[in-house]
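Participant:
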Amino acid sequence: MKKQVIALTMAAIMMGSLTACGGSGKTAETTAAAGEAAGGVLTMATNAEFPPYEYHDNNEIVGIDVEIANALAEKLGMTLEIEDIAFDSIIPEIDSGKADIGLAGMTVNEDRLKNVDFSDPYTTASQVIIVKDDSDIAGPDDLEGKSIGVQLGTTGDIYASDYEETGSTIERYSKGFEAVQAMMQGKIDAVVIDLEPAKVFVEENEGIKILDEALTVEEYAIAVKKGNTELLEKINTALAELKESGELQKIIDKYISAE
Ligand code: ARG
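Per this note's numbering, the sequence shown starts with residue 20, numbered consecutively.
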C-alpha cells in the first residue's frame, strides 16, 4: 500500500517536473499574455471543503482564502475567478498554467516547493487529532496501530502515513469531513486534519473532540507557478500591504474567534 502511494507520488512529481522543464519560459509568456487578453483574470485553484478557509455557503464559495484572494486581485487590478477542484489537483493545475494561484489553506513544505513557488506565509496552522469523546486515544503516541482518516494529499495524510510503520492503516478521503463522518460511524479511530477545520467540524457535530496535543506546526502560503517571479513579487507586495494595513487580520478575525 505504502509503496504504491510512494510510486504514484514519484510519478506525479516526475510528471510535474517534466512539464515544468518542458515549457517553463514559453508557458510563463503565454500565461502573462493570456492574463492580459482576458482583462486581467486571476484564477485561484482551491478545494472548498475546508472551513473556515474555503467552503460552500449556499451556492457561493466563501472563507478566509477567498477574501484574501479578492483583496489581492483588487490590489493587482484583476478579477478573481475561483476553480474548485480536488485538493491534490491544485498543484498540477498551477504547474500546467491553468490556474494562476493556489489558495487552499496550503501548507508550505519541501516536497511542494519542488513543483511550485510559495508566497510569504499568511498564517500559521497545525495538524490536530480528532477522536470520539470516549476514545482511548489521548495523544499522538496512541495513534500507533490505529486506523486514521485524512484528506488525500494533505499534510495530515503525510504525517498520519508515518504511523503506517507502527501497523496503523490510513484511510484517505477526498474531503476532510468524509473522514470525520467515517469516524463518527465507527469505521476509523481518529482523523488527522488542520486545527481550524477541526474546530468547525467538532462544533457542528456531537460526540467528538480535538486532542490537546497537536502533531505539527505549519505555515499557509499562496502557491504560484514555479519561476513566475513576476506574479510572486506582486502577490508578496500586496500581501505585505494587507498585513500592514491590518486588513488581513480583519479577514481572519471575521472567521476565527480569538481563544
Ligand atoms: N494544510 C493542509 C495541506 O496543505 C490541508 C489543506 C487542505 N485544504 C483544502 N482546501 N482542502 O496539506
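Backbone N, C-alpha and C fix where the C-beta goes; we use that ideal spot for every residue, glycine too. These figures come from a predicted structure and were not determined experimentally.
Contact defined as beta carbons within less than 8 Å: I believe A105 pairs with S193. What is the distance between those atoms, to the nearest angstrom?
Facilitator: Right, their Cβ atoms sit about 6 Å apart.
Participant: Since E68 and F196 should fall inside the 8 Å C-beta cutoff, what is the C-beta to C-beta distance between them, to a whole number of angstroms?
Facilitator: The pair is a contact, with the Cβ atoms about 6 Å apart (cut-off 8 Å).
Participant: Quick one: does the C-beta of Y72 sit closer than 7 Å to a heavy atom of the ligand ARG?
Facilitator: True, at least one ligand heavy atom lies under 7 Å from that Cβ.
Participant: How far does the beta strand (DSSP E) with K228 in it extend, from its first residue to its last?
Facilitator: I227 to I229 is the span of the beta strand (DSSP E), which, as asked, contains K228.
Participant: Pull up the distance between the alpha-carbon of Q204 and that of G265, whole angstroms please.
Facilitator: Rounded to whole angstroms, Q204 to G265 spans 42 Å at the Cα level.
Participant: Which ranges does the beta strand (DSSP E) cover as unbroken runs of at least 3 residues, wholly within the region 66-134, from first to last along the chain?
Facilitator: The qualifying runs are 73-76, 79-81 and 98-103.
Participant: Buried or exposed: K288, going by 16 or more other Cβ atoms within 10 Å of its Cβ?
Facilitator: Examination of residue 288 is not possible in this model, given that the chain is present from 20 through 278 alone.
Participant: Between the beta-carbon of A209 and the beta-carbon of I148, is there less than 8 Å?
Facilitator: In contact: A209 and I148 (Cβ atoms closer than 8 Å).
Participant: Straight-line CA distance for K151 to V199?
Facilitator: Computed Cα separation, rounded: 10 Å.
Participant: Residues bridged to G168 by DSSP?
Facilitator: Per DSSP, E190 and V210.
Participant: Bridge partners for T235 per DSSP, in chain order?
Facilitator: DSSP, once it has assigned bridges, lists Q146 as partnering T235.
Participant: Reducing DSSP to helix, strand and coil, say where K269 ends up.
Facilitator: In this structure, K269 counts as helix in the three-state DSSP scheme.
Participant: Just curious, the alpha helix (DSSP H) that K262 is in, first and last residue?
Facilitator: Its alpha helix (DSSP H) spans residues T248 to E263.
Participant: Pull up the DSSP beta-bridge partners for K244, would you.
Facilitator: BP columns for K244 point to V135.
Participant: Does the distance between the C-beta of N66 and the nearest non-hydrogen atom of the ligand ARG fall short of 7 Å?
Facilitator: Yes, the Cβ of N66 comes within 7 Å of a heavy atom of the ligand ARG.
Participant: Give a yes or no on contact between the region 116-129 and the region 222-234, applying the rule of three or more CB pairs nearer than 8 Å.
Facilitator: Contact fails: fewer than three Cβ-Cβ distances are below 8 Å.
Participant: Should T188 be counted as a contact of the ligand HEM given a C-beta to heavy atom distance under 7 Å?
Facilitator: For the structure depicted, the ligand HEM is absent and the ligand set comprises only the ligand ARG.
Participant: Mind checking whether the beta-carbon of A201 lies closer than 7 Å to any heavy atom of the ligand ARG?
Facilitator: Every heavy atom of the ligand ARG is 7 Å or more from the Cβ of A201, so no.
Participant: Can you tell me whether A179 is buried or exposed? The criterion is at least 16 other CB atoms within 10 Å of its CB, across all chains shown.
Facilitator: A179 comes out buried.
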